[in-house]
Amino acid sequence: MTFFSKDNVKHFEVPGDDGKINTLPLLEAARGVVEMVSAFGKAFTPVKSDINGNIEKLQKKYEMDKEKFITINAMLDDEMENKNTDLAKVGGLWLVRGLNFLRTFMQLLIKEYKGGSKEESMKQIITAAYEATLKKYHGFIVKKVFSGVSSFAPYRKDFLLKMALGKEGMEEQVVNDMEVYLETMSPLLDVMGQLYKDKGLDTDDKV
């Protein structure tokens, strides 16, 4: 078993043809994948805290009316109609952005590993994932902070050992399980990202 095995971490729920994103399965799976950031080291604690903060925004919105807000779609519809909160607008948007960063990191890691790369530093992968996902939404200060944080990225072998739950010789199994994990994470993020675009909520405003 590895970190990405279904017996260890909740996999994402792929939305149906109606595009509805069920709230609780999303939040449970998101909390699971965020634990992966712990393996990046203490320097990445702010990244983990930021993503968890957005999860909590959605949780707070859900708690306001559990029957009504069974889907992220219903939360957004409520906020756009009543303008009473922006928990789903802001929390959901930044959650999908943060998770997309993690997805891209995993995709790049898999590509390098399966391509036979011997590079052990993960700084380049983490930086590339950041530049492809979050960078355009960040102002100068946040970019500088992330640049500094990425310098503390762990070595690939150490990261994979943690994802193997401490078992030696499991690197290939970790990568294979990561691929399976992405089979549900990717379509969920694609649908959720499109939902925010369709509602005009995904802008290039910087923070």
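Start counting the sequence shown at 795; every next residue gets the next number (the numbering used here). We put the beta carbon where it would ideally sit given N, CA and C, even for glycine.
- For Met-972, the enclosing alpha helix (DSSP H) starts and ends at 965 to 992.
- In this structure the stretch 852 to 872 does not touch the stretch 833 to 841; the number of beta carbon pairs closer than 8 Å is below three.
- If you compare the alpha carbons of Asn-802, Ser-945, Leu-976, Lys-938 with that of Arg-897, the shortest gap goes to Leu-976.
- DSSP, read as helix, strand or coil, puts Thr-997 in coil.
- DSSP links Ser-915 through a beta bridge to Tyr-949.
- Counting every other CB atom within 10 Å of its CB across the protein chains shown gives Leu-959 a total below 16, marking it as exposed.
- Per DSSP, the continuous alpha helix (DSSP H) segment holding Ser-843 begins and ends at 839 to 858.
- The C-beta distance from Lys-851 to Leu-881 rounds to 4 Å, short enough to fall under 8 Å.
- For Thr-796, the secondary structure class from DSSP, reduced to helix, strand or coil, is coil.
- About 6 Å separates the Cβ atoms of Phe-834 and Ala-947, confirming a contact at the 8 Å cut-off.
- When the five nearest sequence neighbours on each side are left out, no beta carbon in the same chain lies closer than 8 Å to the beta carbon of Asn-970.
- DSSP, reduced to helix, strand and coil, places Asn-867 within a helical segment of the structure shown.
- Beta-bridge partners assigned by DSSP to Asn-816: Thr-865.
- Note on geometry: alpha-carbon atoms of Met-986 and Val-890 lie some 7 Å from one another.
- Shown here for Val-968: same chain residues with a beta carbon closer than 8 Å to its own, the five before and five after excluded, namely Thr-796, Phe-797, Phe-798, Leu-954, Met-957, Ala-958 in chain order.
- Lys-1000 places its beta carbon less than 8 Å from that of Gly-933.
- For Lys-912, same chain residues with a beta-carbon under 8 Å away, outside a window of 5 residues either side, do not exist.
- Judged by DSSP in its simplified three-state form, Phe-834 adopts helix.
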